[in-house]
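Note that my numbering numbers the sequence shown so that position 105 is 1200, with each residue one more than the last. For glycine and all other residues, C-beta sits at the position ideal for the given N, C-alpha and C.
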Amino acid sequence: MGWGISRLIGLKAAVLLAAAYFVHGLGMKVLSLPLIYTCLIAVLISIASHPSVDLPLLLGKASNGSFPLWSWVMFSPFLFFIHLFVLLRRFVKNEPLYTEIADGVYVGGWPSSVERLPPGEPAVIDCTCELPRSSTISENSYLCVATWDTRAPQPPQIESAVRWAVRKRSQNKPVYVHCAYGPWQKCLRDVCTSSRTGIS
1096 MGWGISRLIG LKAAVLLAAA YFVHGLGMKV LSLPLIYTCL IAVLISIASH
1146 PSVDLPLLLG KASNGSFPLW SWVMFSPFLF FIHLFVLLRR FVKNEPLYTE
1196 IADGVYVGGW PSSVERLPPG EPAVIDCTCE LPRSSTISEN SYLCVATWDT
1246 RAPQPPQIES AVRWAVRKRS QNKPVYVHCA YGPWQKCLRD VCTSSRTGIS
């Protein structure tokens, strides 16, 4: 699974702390404050996303996929970083936008535009806690299964998502399950592996 979000953000926190120390040492104390704040937020995210803690509710993502104002203000260094990271990673990596794993069931990454959605106005299962519901899917049926990237949803969340997807498929609606980056993430594999028998 690679580094995982807790290690990646923990490394980011260490780099930010070193940069703050360096800037402070140059006598630019005021400039070190934003770096220290961003470092503290990164430490908090690293702890909350660690598998032994696994607290995706920390960011406050609502069931409709939106973030409250307090979350945007408090966690803005992380939320903007992850948004930019997803867009840059998509630009650099040559991965398919989505993959059909069963008839009418697709997995992929966060849909930043209509072109990144499967055909047929799919019902969407959003397996992210760090990205908002895209305006691209504001009219689509939507289920939020808030999960840290590189982490799997809890078994009850998977069961609930599978039941929801089965209902949507029984209405002949395609279903799109997405995490932050795309079809190779663990959360999608777990959800889709569990759902294949129920949806196919």
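Of all the options the options, which has the alpha carbon lying nearest to the alpha carbon of residue i?
i	options	result
ASP1198	LEU1112, GLY1105, VAL1270, TYR1276	VAL1270
VAL1209	ILE1104, LYS1268, ILE1232, ALA1275	ILE1232
PHE1170	PRO1129, HIS1119, ARG1228	PRO1129
ASP1149	ALA1247, GLU1190, ALA1275	ALA1247
LEU1154	PRO1163, SER1147, PRO1146	PRO1163
PRO1146	ILE1100, SER1127, ALA1137, GLY1160	ILE1100
Rounded to a whole number of angstroms, what is the C-alpha to C-alpha distance between residue i and residue j?
i	j	result
LEU1121	ALA1114	11 Å
LEU1135	ALA1108	7 Å
TYR1237	VAL1219	5 Å
VAL1200	ARG1211	15 Å
Please list the terminal residues of the continuous alpha helix (DSSP H) segment that includes residue i.
i	result
ALA1157	Run containing ALA1157: none; DSSP gives neither H nor E here.
GLY1120	1099-1120
Within 10 angstroms of the Cβ of residue i, are there 16 or more other Cβ atoms? Answer buried if so, exposed if not.
i	result
VAL1261	exposed
GLN1280	Any answer about GLN1280 is weak, because its pLDDT of 49 lies below 50 and its placement is not dependable; what the coordinates show is given next. Its Cβ being crowded by 16 or more others within 10 Å, GLN1280 is buried.
PHE1173	buried
SER1295	Because the pLDDT of SER1295 is 48, which lies under 50, any placement of that residue in the model is unreliable, and the number read from its coordinates should be weighed accordingly. The residue in question, SER1295, is exposed, as its Cβ has fewer than 16 Cβ neighbours within 10 Å.
Determine the extent of the beta strand (DSSP E) in which residue i is found, giving its start and end residues.
i	result
VAL1219	1218-1221
TYR1271	1270-1273
GLU1195	1193-1197
VAL1200	1200-1203
Should the segment 1232-1251 be called in touch with the segment 1205-1223, which here means at least 3 C-beta pairs below 8 Å?
As far as the Cβ criterion goes, the segment 1232-1251 touches the segment 1205-1223, which means the pair count is three or higher.
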